[in-house]
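2 protein chains.
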Amino acid sequence: MRIVALDENSKKDILADLLKRDPNNYTAYSDTVQEIVDTVKRDRDAAVFSYTEQFDHAVIDASTIRVTKEEIEEAMREVEPGLLEVMKRSMKNIRAFHEKQKTYSWFDSKPDGTILGQKITALSSVGVYVPGGKAAYPSSVLMNIIPAEVAGVEKIVMVTPPGRDGKVNPVTLTAAHLAGATEVYKVGGAQAIAALAFGTESIPRVNKIVGPGNIFVALAKKAVYGHVSIDSIAGPSEILVLADESANPRFVAADLLSQAEHDELASAILVTTSMDLAKKVSEEAKQFTKELSRSEIIQKSLDNYGYILVADSMADALETVNEIAPEHLEIVTKNPFEDMTRVKNAGAIFIGEYSSEPLGDYFAGPNHVLPTNGTAKFFSPLNVDDFVKKSSIIYYSKDALEAIHEDIEAFAEAEQLTAHANSVRVRFEK
Amino acid sequence: MRIVALDENSKKDILADLLKRDPNNYTAYSDTVQEIVDTVKRDRDAAVFSYTEQFDHAVIDASTIRVTKEEIEEAMREVEPGLLEVMKRSMKNIRAFHEKQKTYSWFDSKPDGTILGQKITALSSVGVYVPGGKAAYPSSVLMNIIPAEVAGVEKIVMVTPPGRDGKVNPVTLTAAHLAGATEVYKVGGAQAIAALAFGTESIPRVNKIVGPGNIFVALAKKAVYGHVSIDSIAGPSEILVLADESANPRFVAADLLSQAEHDELASAILVTTSMDLAKKVSEEAKQFTKELSRSEIIQKSLDNYGYILVADSMADALETVNEIAPEHLEIVTKNPFEDMTRVKNAGAIFIGEYSSEPLGDYFAGPNHVLPTNGTAKFFSPLNVDDFVKKSSIIYYSKDALEAIHEDIEAFAEAEQLTAHANSVRVRFEK
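In order, the protein sequences belong to chains E and X.
Here our numbering is used: position 269 in the first sequence is 269, and no number is missing along the way.
Here our numbering is used: position 192 in the second sequence is 192, and no number is missing along the way.
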């Protein structure tokens with residue numbers, strides 16, 4: 001990994017470089033995605049089947065698109081029992097953490113006869129996208145479904161691309177079933193997002209679509225935003241380790257590589273106040289890269305978006321952290337909790353040398369669907385609030401309205417909205 | 001207002017009709033908006049000044065675009081003292097309600113040496129769009145700025161189109177100052193949204209953009225979504241009154257018209273179980289329309305999207321409410337609180353015959369920026385949570401990680417992410 005002195009110029013270059021990974025910049029695919037979305041909206045099931053054949057090389061029809069109870073039972077039997085137990089223990093932690101995120105309706109009444117409140121209602125239905133491809137990602141299934149289930153969503157519709165044999169990976173299916181998916185459909189890509197947004201003969205329309213995916217999925221989610229709600233638009237993964245000389249270089253290097261292995265656009269950055277640590281981490285990373293099975297991806301990712309930044313001070317280092325706003329932040333310093341208080345922007349913050357990032361991906365409980373590409377400045381980890389919505393509640397007694405009705409009328413008249421003023425006035429006309 | 005029997009067919013037609021108002025369907029303007037956004041991104045201030053001259057017929061440059069302290073002081077002097085006092089009383093209620101929405105960071109520690117938590121951080125900066133045009137909308141200024149201020153946002157950047165004289169309406173400026181805007185710029189339309197999303201020489205880039213606007217503003221917000229966060233995409237206003245025979249037809253009619261006066265795309269719908277009420281409301285509405293100053297707009301809005309739907313039962317009526325998911329819902333029935341419990345989808349719910357909708361627009365305290373066009377199925381009123389974000393906190397002690405490290409490794413290996421497994425494994429290698 002290249003070692004770069006952190007100054008205003010290098011920071012500016014690196015920030016610009018990282019933003020090149022922004023899915024919003026992939027306009028080359030926008031038209032293709034829009035066409036897929038429009039076609040699915042118009043031709044519904046027929047378009048879904050046709051795109052699935054084209055992109056996934058799988059033949060699916062109305063009788064096979066929905067995963068059956070038998071398919072789920074078969075999948076459960078195929079999963080290695082040890083993994084099943086691991087998933088169950090992980091789920092327990094994920095549920096427990098998300099239960100703590102629940103918020104409740106409240107109201108505030110006053111003896112003048114007013115009641116104001118906020119009613120929390122779970123969304124009726126959500127769609128969960130789960131990527132397919134060569135590997136199964138059961139952790140992603142758990143992380144997307146469990147918060148919806150905890151929030152009280154009644155209909156949790158999972159979609160995932162089928163393999164060429166028209167089947168869904170058994171581990172994915174098992175995770176979906178354990179987590180609480182109410183229905184599963186064999187469809188992926190932009191066509192799956194469009195189907196969930198507009199509905200087809202086979203696939204129900206949902207209120208919100210969540211879940212990570214490739215660039216087609218990300219652009220499709222943006223295209224249907226407004227018709228339905230979406231989670232944040234996921235970009236490539238990233239890790240930033242903030243470390244001082246007290247950090248273990250071997251642990252730091254291993255953690256950096258854990259994200260670099262995701263794909264060639266992933267970013268792994270160490271920001272440190274110690275040149276000694278910088279050199280050692282660079283060495284360890286080189287060594288690990290040789291040994292690991294995904295070394296080719298790791299090497300490309302590190303060459304593209306991997307940096308070791310050496311800062312003059314912890315204050316400079318923290319400023320850079322806040323500007324990068326990383327998806328995953330590890331703080332491995334002498335006072336990691338105190339340093340955490342100065343972090344404004346990060347998806348998940350891993351504190352101390354034993355809080356390795358994959359702990360959060362798989363087990364601790366907080367969600368691993370996190371804002372990427374600097375969007376931690378304004379987006380949050382996927383959470384229970386994403387699956388509920390609020391309604392304001394307003395009750396005024398006659399006396400309470402009478403006491404202030406002239407204020408409302410004056411305000412409305414000032415905005416030249418005379419029918420607004422009239423609606424209050426008529427209640428007190430002689 | 002036309003009276004229609006509520007059945008499956010009429011409901012389907014009306015729902016389809018209402019969705020025609022969806023800003024996502026105005027694709028005719030999409031290309032224009034995208035061009036404005038791209039041009040402002042590229043040419044920055046120069047583009048902003050040029051579009052302001054083209055669309056607002058106002059000449060603005062780098063020395064005049066930002067509202068000065070003197071301009072604010074002048075504006076404060078111009079506002080009618082009575083209105084100033086009304087705004088202050090309204091602000092007090094808005095602040096009090098939004099203070100109750102605040103959520104706090106929390107953590108949960110266990111004696112095995114684990115700490116999990118959720119850190120709440122205010123966004124650093126937000127942009128607030130305030131429409132210009134013939135009238136001033138100080139209430140909109142208060143409703144958009146106050147929740148950001150309560151959340152603790154440091155930089156609250158307001159933008160609003162200047163008049164031909166290059167000035168901002170004094171009432172708008174006064175409201176901005178009272179509510180806590182930290183800077184105000186004279187720019188409107190899609191060019192204002194682009195400037196806030198990408199920054200120009202004069203206008204700072206922000207993390208999130210909120211505030212209502214016309215179709216150009218709505219489409220521009222959609223175009224920049226992902227680069228920054230936005231509030232929900234606002235469509236035309238709407239009111240739905242759910243009433244039985246106990247309702248006062250004169251009050252109901254006046255309230256329906258209060259939203260119909262907004263614009264020709266606004267929708268006013270009465271859903272009632274009483275044909276008698278339906279007829280009386282239709283009569284009253286006709287009478288009011290003649291008397292009100294904005295009668296032309298009201299008449300067009302009622303002709304376009306105004307309906308009185310007569311339902312066979314309160315259950316049918318409530319089902320329709322939930323399918324329409326109105327921005328504003330008034331419940332004027334014998335048991336309005338009980339009926340409220342059956343409402344799943346509505347932006348704000350006004351309960352009882354003295355809770356007239358404009359009470360919420362101007363005075364009660366809950367936000368008047370509400371989800372429109374059926375998006376109350378998944379969006380919420382603008383609220384304090386919109387101006388904060390969450391970061392997950394994860395701390396595991398060595399012992400805590402050691403106890404479960406094999407679970408993480410097994411899960412990672414199952415996903416073929418060997419560098420993930422490695423990062424945990426190295427911490428316990430002999």
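All C-beta atoms in this analysis are idealised placements derived from N, C-alpha and C, irrespective of residue type, glycine included.
Around the C-beta of E:Phe107, fewer than 16 other C-beta atoms lie within 10 Å, and the residue is accordingly described as exposed. Residues of chain E with a Cβ closer than 7 Å to the Cβ of X:Arg427 are, in chain order, Phe251, Tyr354 and Ser356.
Under DSSP, X:Asp108 shares a beta bridge with X:Leu116. Residues of chain E whose Cβ lies closer than 8 Å to the Cβ of X:Glu415 are, in chain order, Ala135, Ala136, Tyr137, Pro138 and Ser139. In the structure shown, E:Met1 falls within a coil segment according to DSSP collapsed to helix, strand and coil.
The shortest CA-to-CA distance from X:Asp399 to any of E:Ile394, E:Arg205, E:Met143 and E:Glu353 is the one to E:Glu353. Around the Cβ of E:Gly188, a 10 Å sphere holds 16 or more other Cβ atoms; the residue is buried. Taking a C-beta cut-off of 8 Å against chain X, the contacting residues of the region 376–400 of chain E are Ala376, Lys377, Phe378, Phe379, Ser380, Pro381, Asn383, Asp385, Lys389, Lys390, Ser391, Ser392, Ile393, Ile394, Tyr395, Tyr396, Ser397, Lys398 and Ala400, listed in chain order. Identification of chain E residues near X:Asp339 by a Cβ-Cβ cut-off of 9 Å yields none; the smallest Cβ-Cβ distance measures about 12 Å. According to the DSSP secondary-structure assignment, E:Val168 is paired through a beta bridge with no residue. When the five nearest sequence neighbours on each side are left out, the beta carbons in the same chain lying within less than 6 Å of the beta carbon of E:Ala148 are those of Val126, Ile156 and Phe387, in order along the chain. Excluding the 5 residues flanking it on each side, X:Ala325 has same chain C-beta neighbours closer than 6 Å at Asn345, Gly374, Ala376 and Lys377, in chain order. With a threshold of 8 Å between beta carbons, E:Asn422 makes contact with chain X. E:Leu18 is not a Cβ neighbour of X:Leu359, given a cutoff of 8 Å. Setting aside the 5 residues that flank it on each side, E:Lys300 is surrounded in the same chain by Glu264, each with a C-beta closer than 6 Å to its C-beta; the list follows chain order. In the assembly as shown, X:Pro371 is a buried residue. Its beta-carbon has 16 or more other beta-carbons within 10 Å. Interface annotation for the region 88–117 of chain X against chain E: Arg89, Ser90, Phe97, Lys100, Gln101, Thr103, Trp106, Asp108, Thr114, Ile115 and Leu116, criterion Cβ-Cβ distance under 8 Å. Neighbours of X:Asn367 across chain E, judged by C-beta separation under 9 Å: Ser392.
The secondary-structure analysis by DSSP pairs E:Tyr129 across a beta bridge with E:Val159. Of the candidates E:Ser258, E:Met275, E:Gln54 and E:Thr273, the residue whose Cα lies closest to the Cα of E:Ala285 is E:Ser258.
Not flagged as an interface residue toward chain X: E:Tyr307, since no C-beta distance is shorter than 8 Å. DSSP lists X:Lys389 as the beta-bridge partner residues of X:Thr121. With respect to the C-alpha of X:Thr32, the residue from X:Glu74, X:Ala220 and X:Val384 having the closest C-alpha is X:Ala220. At the C-beta level, E:Ala194 and E:Val217 stay beyond 8 Å of one another.
Cβ-Cβ separation between E:Leu116 and X:Pro381: approximately 12 Å, too far for a contact (criterion under 8 Å).
If you ignore the 5 residues before and after E:Ile233, its C-beta comes within less than 7 Å of the C-beta of Pro23, Ala218, Lys221 and Lys222, all in its own chain and listed in chain order.
The beta carbons of E:Ala75 and E:Thr182 sit no closer together than 8 Å.
Taking 9 Å as the cut-off between beta carbons, the residues of the region 251–275 of chain X near chain E are Phe251, Ala253, Ala254, Asp255, Leu256, Leu257, Ser258, Gln259, Ala260, Glu261 and His262, in sequence order. Here E:His57 is exposed, its C-beta having fewer than 16 other C-beta atoms within 10 Å.
A Cβ of chain X is located within less than 8 Å of the beta carbon of E:Lys344. Under DSSP, X:Ala348 forms a beta bridge with E:Ser392 and X:His328. Within the same chain, Cβ atoms closer than 6 Å to the Cβ of X:Ile203 are found at Tyr185 and Ala195, the five residues on either side in sequence being excluded.
For X:Val310, the beta-bridge partners assigned by DSSP are X:Ala5 and X:Thr272. Residue environment: E:Glu53 is assigned as exposed (fewer than 16 neighbouring CB atoms within 10 Å of its CB, all protein chains considered).
E:Asn304 and E:Ser282 have their C-alpha atoms spaced approximately 15 Å apart.
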